[in-house]
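Asker: My questions all concern the structure below.
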Amino acid sequence: MTYMRRPSVVHPGLPHNDLGLSARDYEGGISTLCAGCGHDSVTSALVQTLFELNIPPHRVAKLSGIGCSSKTPAYFASASHGFNSVHGRMPSVATGANSVNRDLHYIGVSGDGDSLSIGFGQLCHAIRRNVNMLYVIDNNGVYGLTKGQFSASADVGTTAKKGEVNIQPPIDACLTALTMGCTFVARSFSGDKQQLVPLLKAGLTHKGFALIDIVSPCVTFNDHLGSTKSYDFTRQHYHPTIHTDFIPPAEEITVSSEDGDTISVELHDGSRVVLKKTDEQYDPTDRNSAYAYLQKHTAAQEVVTGLLFIDEAKPDMHETHMVVEQPLIDIDFDTLCPRRSALEKIQNRFR
Amino acid sequence: MQKKTVSQPTDTTNPDYYHRVVDCQWACPAHTDVPGYIRLIAQGEYSDAYQLNRHSNIFPGILGRVCDRPCEPACRRSRIEDKPVAICRLKRIAADLTDMNDVQLPEIAPANGKRIACVGAGCASLALANDLLPLGYEVVIFEALDRSGGLMRTNIPSFRLPPEVLDQEIGMIIGMGADIHFDHPVESMKTLLEEGYDAIFVGSGAPKGKNLELPGRYDSDRIHIGIDWLESVAFEHTESIGERVLIIGVGNTAMDCCRTSLRLGSTDVKVMARKPRAFFKASDWELEDAEEENVEIIVNHSPKAFVIEDGKLAGMIFELMEYQLDSAGRIESSTVTGETMIPCDDVVLAIGQDNAFPWIERDQGIEFDQWEVPVVDPVTHQGTRAGVFFGGDAAFGPKNIIWAVEHGHQAAISIHKYCHGEDITDRLPMGMNLNSAKMGIHEWSFSNSYDSGKRIPVPQVQLSERFKQLNIEVELGFSPELAAEEVERCLNCDLQTVFTENLCIECDACIDVCPVKCLTITEAGTEDDLRTRLSAPAENLEQGLLISGALPQTGRVMIKDEDLCVHCSLCAERCPTAAWDMQKFTLLKPCAGDESVSEPIRQSGA
Ligand SMILES: Cc1cc2nc3c(=O)[nH]c(=O)nc-3n(C[C@H](O)[C@H](O)[C@H](O)COP(=O)(O)OP(=O)(O)OC[C@H]3O[C@@H](n4cnc5c(N)ncnc54)[C@H](O)[C@@H]3O)c2cc1C
Ligand SMILES: Cc1ncc(C[n+]2csc(CCOP(=O)(O)OP(=O)(O)O)c2C)c(N)n1
Ligand code: SF4
Ligand code: SF4
Ligand code: SF4
Ligand SMILES: [Mg+2]
């Protein structure tokens, strides 16, 4: 960790976005995580994402649970809204917030412990409801904050820092998401921002639940030889399957779409994701094919990365439940809280 | 991972690489350890700061007032915001707060039997004497005038540089045992050569002020040559000047002439420039100082003739100029659009100086080029005759004090080797030391936090008080409190970011934290190619790229663009493996005393 704030000084050649902000305007407090933690890189990728998407910081809501990963919303977009919930309960808070104000951009940041152990049920239900949010899992295979116990994402055979071997089979966040009907499933690596930033942009723009499982090494408790979530192991087994380009609405697509290996998916706001497959068998719009591919390659210890599955058509929570379009905050008090007589009217229906 | 043409990793064992990062020190002709002395001032160690300065530049009190300061335009701070650190004026406070009696001068070795003659007692000769006296040399200085210091005393006005400061710092050198002969112009090199000195150093300056041969030039005694006029003011031969004065030329000499005129009674001083402002030779700060005193600077006026009426100077005629510039801002052509006459009582010509060596016979094996400048080796300072060395303005034409000092240092090395029969071209190379500045997890042996303070102006005597006497020093210097604020603006460029590639796990922490986006990990390539794909534009080609060897995990390389690094140490603080470290760079610049020479073998004769 660092005690010093990052100096206010900026590179005079630093670019500005459509709002006149520089990437530095999307920074947050100084990180208190261990130096070298993958989570800090994810934070930095999120800063880049918000900057490049020209999102006004005050239109973002950051949500998290408990863990080193869950601390990171404090380290980006200081000017945004934030809610740090109880361990594993972030999906509920996000669902609630989203249901009363659909106009904000929701970013949930969680850990493998927070999402796959204590908060597993919560995660599944948020997926099932297709809450419109970006859900990031900083996956390091351990409970970092509580000093490195194996988490539910730890692979069989991976070793703890002191040598203990994990024998429990892991829960794979992406396979789970596919099963639960998730409409945007991706995996990436904190050490590859070139891949990560376009994925985060696509996930944040996607209408529905976008889960990105990011291998994010814990330098302190899980970066040793024998760990399957270390920087070195991840790089050795790194397998970018689908190359993702994010194209904002106004821009022309330069990739030729006739190319059989390239699929272009239009997102609801007119932007596009252009997916280039490195494996012909793969169809990222076919859930079953995605599931089968992932399972096969994960069994072979490959870290399959990229946008694994996307379904832009499925209705999100608001559509399904026909929730009022206006954020509740914008509805006048009388409409929002009808008088006692209105309640009686409803109750009368049950008498 | 695909590899492109792999670039050579940067050779950081060559001291030049890190030296160049210390912009001020690199730009200083004498390579003064600027960040080193600034830190000492921050710690309140003024005498140590003085001492460190003196080691390189000999005259901290003088240079802290009047140095041409090539360091300041080079200062990294001016690339981060508009104003550099007040490097020069911080030097002055080190001198102001040092008791000159406590300055540690080198011990004087027993006489080595070698005699060196110096022509002129300007800063070049004095610097030479400073280096040779402690080694046991007998240094004999011949000076035409009745006082020492050369132009520093005769031309730099006392309101910028008080004579007491000169006396103190020159006194230290003479006090080491120089044998100085005043009122002793050397009139013949031939005779001097015959006197049997082991070596001769010519530090006689560039004493001839340029003239302007225009109609009417010799029809009035109110037309003065700038440097001669300033000298006669310094010698109190000239005590007044007319009310309306025209200064021709817009270099630093012109600035001294116009400000001096104001102090001798003129009320209307115009500095006449032939070209637009962008082409002025004077330093920005000298222009600022003059304009603050209400000197008017008039551009695009080219002198044509002096107007003499009834035998008296009445004014000057100027041609009105217009310049056509090319896209790079250079003058392509000019047109005269008219003429004007500007009335005046006196004209001072401040359009430059020339070398003049009427006292060097041309049959002594000492060659001169077509401009009467001697042919001098730029490294050894030896002329075309062995044993005769040149330095200061005499060597390559007019420069400034700090260059003259550096020439003195280099000539001292040459003379030391020459007198011991050694090859004067076989000189010690520059060296360096690197020491980790890490004191603890987040503790460094320097103040690494960035201070966003703006440059602090040096307090000055009020305008209304300045002109009462010629010798009222305009600048009051920093108080310790102001200096304590100004020092924090220094970016500690000598605290180098040193990279050990085999420790790097490519976690990106350093890249993410760097506030100015200096760092990038990317596929190897040539430098030109790399410059196009860094985290932030790297357009300053003056500043190097630190390119690592292949990183262990992916074979990519770490690149650091040195250009805007603020030496905040965050990269080193965030690095989990200490692949980045902050290390204090100390330049080891050889001086005469460092050259180990054999016992004297050469007997005598230059
Ligand atoms: C008006 C003016 C202002 C300047 N202001 C600055 C400034 O602010 N900062 C800066 O860095 N530089 C300044 N300079 C330049 C600086 O003064 C010179 O570059 C510097 O003094 C050169 O030093 P030197 O030792 O080579 O020669 P000089 O200082 O010229 O000294 C030469 C000495 O040799 C003596 N001499 C000459 N011929 C003989 C002979 N035959 N026999 C015996 N003695 C002889 C001369 O009398 C003189 O004392 C200024 C110059 C001028 C003209
Ligand atoms: C209800 C509750 N149970 C247990 C804990 C203890 N605890 C804190 S963080 C954490 C695990 C965090 O792991 P993960 O989500 O993977 O985050 P990481 O630190 O690895 O980023 C646990 C079990 C808690 N804070 N609250
Ligand atoms: S303990 Fe691990 S997860 Fe937590 S900050 Fe340190 S490196 Fe990151
Ligand atoms: S010291 Fe490191 S972090 Fe700070 S500006 Fe320089 S390279 Fe960037
Ligand atoms: S912080 Fe250290 S280990 Fe991480 S990328 Fe930078 S130099 Fe490498
Ligand atoms: Mg974890």
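Sequence order for the protein chains is A and B.
Going by the numbering used here, the first sequence opens with residue 3, and the numbers climb by one from there.
Going by the numbering used here, the second sequence opens with residue 592, and the numbers climb by one from there.
Heads up, the beta-carbon is just placed ideally off N, CA and C, and yes, glycines get one too.
(1) Relative to ligand 2, is the shortest distance from any of its heavy atoms to the C-beta of Thr148 of chain A smaller than 6 Å?
(2) By DSSP's criteria, Ser779 of chain B is part of a beta bridge. Which residues make up the other side?
(3) Quick one: any contact between the region 866–884 of chain B and the region 964–983 of chain B, if contact means 3 or more CB pairs under 8 Å?
(4) Does at least one heavy atom of ligand 5 sit under 6 Å from the Cβ of Ile1096 of chain B?
(5) For Pro725 of chain B, does the three-state DSSP call read helix, strand or coil?
(6) Taking only runs that begin and end inside the region 999–1064 of chain B, name each unbroken alpha helix (DSSP H) of 4 or more residues, in chain order.
(7) By DSSP, does His828 of chain B sit in helix, in strand, or in coil?
(8) Just checking my contact of Phe186 of chain A with Ile312 of chain A at CB under 8 Å: how many whole Å lie between their CB atoms?
(9) By how many angstroms is the C-alpha of Asp285 of chain A removed from the C-alpha of Ser291 of chain A?
(10) Would a C-beta distance cut-off of 7 Å place Ser811 of chain B and Leu904 of chain B closer than the cut-off?
(11) Which full runs of the alpha helix (DSSP H) of 4+ residues lie inside the region 682–723 of chain B, going along the chain?
(12) Please tell me whether Cys615 of chain B and Ile707 of chain B are closer than 7 Å, where the distance is taken between their beta carbons.
(13) Looking at C-beta atoms only, is the number of pairs between the region 193–206 of chain A and the region 238–249 of chain A that lie closer than 8 Å three or more?
(14) With respect to 6 Å, is the separation between the Cβ of His1000 of chain B and the closest non-hydrogen atom of ligand 4 below this value?
(15) Taking 6 Å as the cut-off, is the C-beta of Thr1168 of chain B nearer than that to any heavy atom in ligand 5?
(16) Roughly how many angstroms separate the alpha carbons of Phe85 of chain A and Ser94 of chain A, rounded to a whole number?
(17) Would you tell me roughly how many angstroms separate the C-alpha atoms of Val305 of chain A and Tyr1041 of chain B, rounded to the nearest one?
(18) Return yes when the Cβ of Ala715 of chain B is within less than 7 Å of the Cβ of His998 of chain B, no when it is not.
(19) Run through DSSP, which three-state label would Asp1152 of chain B get?
(20) Taking 7 Å as the cut-off, decide whether the C-beta atoms of Ile1112 of chain B and Met1173 of chain B are in contact.
(21) Just grab the DSSP bridge partners of Asn1083 of chain B for me.
(22) Could you confirm whether any beta carbon from chain B is found closer than 7 Å to the beta carbon of Pro75 of chain A?
(23) Write down every uninterrupted run of the alpha helix (DSSP H) in the region 185–211 of chain A whose length is 4 residues or greater and which is fully enclosed by it, in chain order.
(24) Alpha carbon to alpha carbon, how far is Lys279 of chain A from Tyr293 of chain A? Give it in angstroms, no decimals.
(25) What does DSSP give as the partner residues of Ile899 of chain B in its beta bridges?
(26) What residue does the beta strand (DSSP E) around Gly123 of chain A start on, and which one ends it?
(27) According to the neighbour-count rule (16 or more other Cβ atoms, all chains shown, within 10 Å of its Cβ), is Gln1194 of chain B buried or exposed?
(28) Tell me which residue opens and which closes the alpha helix (DSSP H) that Gly22 of chain A is part of.
(29) Using a Cβ-Cβ cutoff of less than 7 Å, which residues in the same chain neighbour Lys1180 of chain B once the five nearest sequence positions on both sides are dropped?
(30) Under a Cβ-count criterion, where at least 16 other Cβ atoms within 10 Å of its own Cβ denotes burial, should Val102 of chain A be classed as buried or exposed?
(31) Are Ser218 of chain A and Gly40 of chain A close, meaning C-beta to C-beta below 7 Å?
(32) Run the proximity test for Cys1101 of chain B: is its beta-carbon closer than 6 Å to any non-hydrogen atom belonging to ligand 5?
(33) Please indicate yes or no: does the CB of Glu734 of chain B lie closer than 6 Å to some heavy atom of ligand 1?
(34) Applying the 10 Å Cβ sphere with the 16-neighbour rule, what's the burial state of Tyr788 of chain B?
(35) So with CB distances below 8 Å, who are the chain B contacts of Gly15 of chain A?
(36) Any chance the CB of His226 of chain A is under 6 Å from a heavy atom of ligand 2?
Answerer: Let me lay it out:
(1) The answer is yes for Thr148 of chain A.
(2) In the DSSP secondary-structure assignment, Ser779 of chain B is not bridged to any residue.
(3) Cβ pair count under 8 Å is below three, so no.
(4) Because some heavy atom of ligand 5 lies under 6 Å away, the Cβ of Ile1096 of chain B counts as near it: yes.
(5) Looking at Pro725 of chain B - three-state DSSP - the assignment turns out to be helix.
(6) Counting whole runs of 4 or more residues, the region 999–1064 of chain B contains the alpha helix (DSSP H) stretches 1054–1057.
(7) His828 of chain B: coil per DSSP, three-state reduction.
(8) So it is a contact: roughly 5 Å between Cβ atoms.
(9) Annotation: Ser291 of chain A to Asp285 of chain A spans about 6 Å, alpha carbon to alpha carbon.
(10) In contact: Ser811 of chain B and Leu904 of chain B (Cβ atoms closer than 7 Å).
(11) Taking 4 residues as the shortest admissible run, the region 682–723 of chain B contains the following complete alpha helix (DSSP H) segments, listed from N- to C-terminal end: 714–723.
(12) Cβ distance not < 7 Å, so Cys615 of chain B and Ile707 of chain B don't count as in contact.
(13) The region 193–206 of chain A makes contact with the region 238–249 of chain A: 3 or more CB pairs, one atom from each, lie closer than 8 Å.
(14) Answer for His1000 of chain B: no, Cβ out of range of ligand 4.
(15) Yes; taking the cut-off as 6 Å, the Cβ of Thr1168 of chain B has a heavy atom of ligand 5 nearer than that.
(16) If you take the alpha carbons of Phe85 of chain A and Ser94 of chain A, they lie about 11 Å apart.
(17) About 41 Å.
(18) Yes. Within cutoff.
(19) DSSP places Asp1152 of chain B in strand when its eight states are reduced to three.
(20) With a cutoff of 7 Å on beta-carbon distance, Ile1112 of chain B and Met1173 of chain B are scored as not near each other.
(21) Asn1083 of chain B is not bridged to any residue.
(22) Not an interface residue.
(23) As far as the region 185–211 of chain A is concerned, its whole alpha helix (DSSP H) runs of at least 4 residues are 195–207.
(24) Near 16 Å, if we compare the C-alpha coordinates of Lys279 of chain A and Tyr293 of chain A.
(25) Paired residue(s): B:Leu904.
(26) Not the beta strand (DSSP E): Gly123 of chain A falls in the alpha helix (DSSP H), residues Phe122 to Arg131.
(27) Note that Gln1194 of chain B scores a pLDDT of 44, beneath 50, so its modelled location is shaky; the value from the coordinates is reported in the next line. By the 10 Å Cβ count, Gln1194 of chain B comes out exposed.
(28) First-last for Gly22 of chain A: undefined, no H or E at that position.
(29) Taken in chain order, the residues that qualify are His622 and Met1021.
(30) It counts as exposed.
(31) Contact: yes.
(32) Yes, ligand 5 has a heavy atom inside 6 Å of this Cβ.
(33) It does: the Cβ of Glu734 of chain B is within 6 Å (strictly closer) of some heavy atom of ligand 1.
(34) The residue is buried, with at least 16 neighbouring Cβ atoms inside 10 Å.
(35) When 8 Å is used as the limit between beta carbons, Gly15 of chain A is near these residues of chain B: Ala1127, Pro1128 and Glu1130, in chain order.
(36) For His226 of chain A, the CB stays at least 6 Å from every heavy atom of ligand 2.
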